[in-house]
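Numbering (this note's numbering), first residue to last: 748 to 999.
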């Protein structure tokens, strides 16, 4: 069998196995309703992940997250958090940060035998994960931030304009969202992070969050581990080697 075909078949198999153990929606009055999807592994390792997805799209149950499937296939129980702006509310990083904390409480209540809960975030979700990890370090064992924008105060929005053309409203909303609170870089300068519990994963050719600005300086300020995949763009979460790097870090 062709290697690509075999990989696709294995991916389909993993997806079906995980969905059998997937809770479709979660809404618990734990401070405020928390929306999302819990992916339960066939062979749990008593470790959970709060997963913060990238972008501002309204995620649905039938959307496929290959990285989440891999985490789950390796024993992690994963709660994929839905941000409240997916339901029409204005994007709010302060609210997102609190929702991440509440999601950890919800996951522990739903799966009481968990020994540790980790944070994994991608792009916008990586930004949220780093914010939550700075303010609520005792709620999470470790944090993995993937292609996260960290130095917002010095961010070059030119690439957004090149990507989105005349979608000025989208750019303005993103600018407003990311500039409401101090960025992870400023939090690092204030000593808010325990770098020994952080891992940064970035693409060497990422035009949206270049590692020279968003990864290396943060790693230098926090002393955290980081990996740059030389040929990757803003898609590192989809790389199998990046997924296993995150898994190894969380299992250490």
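No residue lacks a Cβ here, since even glycine has one placed at the ideal position from N, Cα and C. The model shown is predicted, which means the values in this text are computed figures rather than measured ones.
Residue 829, DSSP secondary structure in three states = Looking at residue 829 - three-state DSSP - the assignment turns out to be strand.
inquiry  = For residue 919, report the span of its beta strand (DSSP E) as first-last.
reply    = Counting along the chain, no beta strand (DSSP E) covers residue 919; the unbroken alpha helix (DSSP H) around it starts and ends at 915-925.
message = Between the alpha carbons of residue 910 and residue 828, how many angstroms are there, rounded?
response = Approximately 26 angstroms between the Cα atoms of the pair.
ask   = Who does residue 815 pair with in a DSSP beta bridge?
value = Beta-bridge pairing links residue 815 to no other residue.
query = Going by the beta-carbon positions, is the gap between residue 981 and residue 962 smaller than 8 angstroms?
reply = Not closer than 8 angstroms, so no.
ask   = Is it buried or exposed for residue 938, if we count other Cβ within 10 angstroms and need 16 for buried?
value = Note on residue 938: under 16 other CB atoms within 10 angstroms of its CB, so exposed under the neighbour-count rule.
query = Can you name, in chain order, every residue of its own chain whose Cβ lies under 6 angstroms from the Cβ of residue 801, other than the five neighbours on each side?
reply = Excluding residues up to 5 positions away in sequence, 869, 870, 871, 872 lie with their Cβ nearer than 6 angstroms to the Cβ of residue 801 in the same chain.
inquiry  = Counting beta carbon pairs with one atom in the region 841-851 and one in the region 878-885, are three or more of them shorter than 8 angstroms?
reply    = Short answer: they touch.
ask   = What are the start and end residues of the beta strand (DSSP E) that includes residue 965?
value = Taken as a continuous stretch (DSSP letters only), residue 965 belongs to no beta strand (DSSP E), being part of the alpha helix (DSSP H) at 963-969.
ask   = Roughly how many whole angstroms lie between the Cα atoms of residue 984 and residue 862?
value = Taking the straight line from one Cα to the other gives about 25 angstroms.
ask   = From this set, 946, 999, 820, 922, which residue's C-alpha is nearest residue 838's C-alpha?
value = Considering only alpha carbons, the answer is 922.
message = On the DSSP letters alone, give me the boundaries of the alpha helix (DSSP H) that residue 857 sits inside.
response = DSSP places residue 857 in the uninterrupted alpha helix (DSSP H) bounded by 840-857.
task = Put residue 877 into one of helix, strand or coil per three-state DSSP.
result = Assignment of residue 877 by DSSP, reduced to helix, strand and coil, places it in the helix class.
query = When the Cβ atoms of the region 811-830 are set against those of the region 782-802, are three or more pairs found closer than 8 angstroms?
reply = By the Cβ test, the region 811-830 is in contact with the region 782-802, since at least three Cβ pairs between them sit closer than 8 angstroms.
task = Would you mind sorting residue 739 into buried or exposed? The rule is 16 or more other CB atoms within 10 Å of its CB.
result = Since the first and last residues shown for the chain are 748 and 999, residue 739 lies out of range.
query = residue 1001: buried (16+ other C-beta within 10 angstroms of its C-beta) or exposed?
reply = Absent from the structure is residue 1001, since the part of the chain shown begins at 748 and ends at 999.
Span of the beta strand (DSSP E), counted from its first residue to its last, around residue 794 = For residue 794, the enclosing beta strand (DSSP E) has its first and last residue at 794-799.
request  = For chain B, find out if any of its Cβ atoms is closer than 8 angstroms to the Cβ of residue 880; answer yes or no.
outcome  = No chain B appears in this structure, which consists of one protein chain only.
ask   = With 16 as the cutoff for other CB atoms within 10 Å, does residue 772 come out buried or exposed?
value = Since pLDDT at residue 772 reaches only 40, below the 50 mark, its modelled position is unreliable, and no value is offered.
ask   = Straight-line CA distance for residue 993 to residue 812?
value = Separation of residue 993 and residue 812 (C-alpha to C-alpha, rounded to the nearest whole angstrom) is 15 angstroms.
inquiry  = Please state whether the Cβ-Cβ distance between residue 848 and residue 886 is less than 8 angstroms.
reply    = Yes. Within cutoff.
ask   = Going along the chain, which residues of its own chain have a beta-carbon closer than 6 angstroms to the beta-carbon of residue 892, five neighbours each way excluded?
value = Answer for residue 892: 868, 873, 876, 877, 947, listed in chain order.
ask   = Can you pull the DSSP bridge partners for residue 974?
value = Residue 974 is bridged by DSSP to 948.
task = With residue 935 as the anchor, note down where its alpha helix (DSSP H) starts and where it stops.
result = Taken as a continuous stretch (DSSP letters only), the alpha helix (DSSP H) holding residue 935 covers 931-936.
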